[in-house]
Amino acid sequence: MSGPVEISRGDSPIVLGLPHTGTHVPATIEAKLNARGKALADTDWHVHTLYEGLLPGATTVRATFHRYVVDANRDPSGASLYPGQNTTSLVPLTDFDGQGIWDIPPSEKDILERREAFHAPYHAALKAELERVKAAHGVAVLYDCHSIRSHIPFLFEGTLPDMSIGTNNGATCAPEIEAIAHEFATSSPYTAVLNGRFKGGWTTRYYGRPSEGVHAIQMELAQSTYLKTEVPPWAFDTDKADRLRRWLKDILDAIHDTALELAR
Numbered sequence: 088m089s090g091p092v093e094i095s096r097g098d099s100p101i102v103l104g105l106p107h108t109g110t111h112v113p114a115t116i117e118a119k120l121n122a123r124g125k126a127l128a129d130t131d132w133h134v135h136t137l138y139e140g141l142l143p144g145a146t147t148v149r150a151t152f153h154r155y156v157v158d159a160n161r162d163p164s165g166a167s168l169y170p171g172q173n174t175t176s177l178v179p180l181t182d183f184d185g186q187g188i189w190d191i192p193p194s195e196k197d198i199l200e201r202r203e204a205f206h207a208p209y210h211a212a213l214k215a216e217l218e219r220v221k222a223a224h225g226v227a228v229l230y231d232c233h234s235i236r237s238h239i240p241f242l243f244e245g246t247l248p249d250m251s252i253g254t255n256n257g258a259t260c261a262p263e264i265e266a267i268a269h270e271f272a273t274s275s276p277y278t279a280v281l282n283g284r285f286k287g288g289w290t291t292r293y294y295g296r297p298s299e300g301v302h303a304i305q306m307e308l309a310q311s312t313y314l315k316t317e318v319p320p321w322a323f324d325t326d327k328a329d330r331l332r333r334w335l336k337d338i339l340d341a342i343h344d345t346a347l348e349l350a351r
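For the sequence shown, the working numbering assigns the number 88 to the initial residue and increments by one for each residue that follows.
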């Protein structure tokens, strides 16, 4: 593991953020996790593989560390994304089922150190890439790539839609980008929702400044759409993924074209 972030630069106005596909946990931190924590169940399994090559020219910024080390999609201040609702924190104390993951919980010093060593470099890289593509095109779009199990009673009732698009109720991107993403998602054979349970994490909300030419949109995929099953070993289902990738490509192409039109 060479560092906390991997960058692949392209010439499109779209930057793909991948904050939760990493599985690296430093040995000193892993030693403090309990058996449940060491299973790393809340990974966005294989999402980087799912999106690979879909949009030629897209830049990717991928966190290599696991979200149990520190969550790259949480406010570094520790403020909750969803006040009053169950969620996980900057350094999670529980998994998505509300069960503890630590034998030795992180101290405030631990949290600060992890924020500086992992969270900050990821966002420095993401910020730099958004600035670079905006300088080249006059516009930048952060498309934040996520996935989650479709049934998690601790976090939401019932079954999650296949595609959950988040723009913080329209605040993080131009209406044209929100509309085209939602239109293509709802025209697919998958169920889709706009600003449902997941309205966009801290990353989407922080970087999405449409008045300044930087747009952000989050796509939360139900893992049932591309995994064989939503239990270990979290196996990638190539047939399912190939079907899904067709529609994800259409969505990315449409956002790409819309972004360039906005820049004219």
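Glycine included, every Cβ here is placed at the ideal spot set by N, Cα and C.
query                                                                                                          : result
Best match in THR181, ASP249, GLN186 for proximity to THR273 [C-alpha to C-alpha]                              : ASP249
ASN160 classed as buried or exposed, judged by whether at least 16 other C-beta atoms fall within 10 angstroms : buried
Spatially closest choice to ARG96 from SER194, ASP182, ARG219, ALA207, by CA coordinates                       : ARG219
Nearest candidate by alpha-carbon position, reference GLY185, set LEU137, ARG123, ASP131                       : ARG123
8 angstroms CB neighbourhood of ALA322 in its chain, flanking five on each side removed                        : LEU314, LYS315, THR316
Best match in VAL228, THR278, ASP326 for proximity to SER237 [C-alpha to C-alpha]                              : THR278
Segments of 3+ residues assigned as beta strand (DSSP E) that fall wholly inside the region 100–156            : 101–105, 146–150
Start-end ranges of the beta strand (DSSP E) lying completely within the region 159–235, minimum 3 residues    : 227–235
Nearest neighbour of GLU195, chosen from LEU180, LYS336, ILE188 [CA to CA]                                     : LEU180
For HIS238, the three-state DSSP class (helix, strand or coil)                                                 : coil
Any 3 or more C-beta pairs closer than 8 angstroms across the region 148–155 and the region 119–134            : yes
Of the listed residues LYS221, GLY283, THR290, nearest to GLU299 (C-alpha basis)                               : LYS221
Coarse secondary structure for ARG296, derived from DSSP in three states                                       : strand
C-beta atoms of ALA268 and GLY295 nearer than 8 angstroms                                                      : no
The ligand ADP heavy atom lying under 7 angstroms from the CB of SER274                                        : No copy of the ligand ADP occurs in the structure displayed, which carries no ligand at all.
Local Cβ density within 10 Å of ILE235, reported as buried at 16 or more and exposed below that                : buried
Alpha-carbon spacing of ALA223 relative to ILE198, whole angstroms                                             : 36 angstroms
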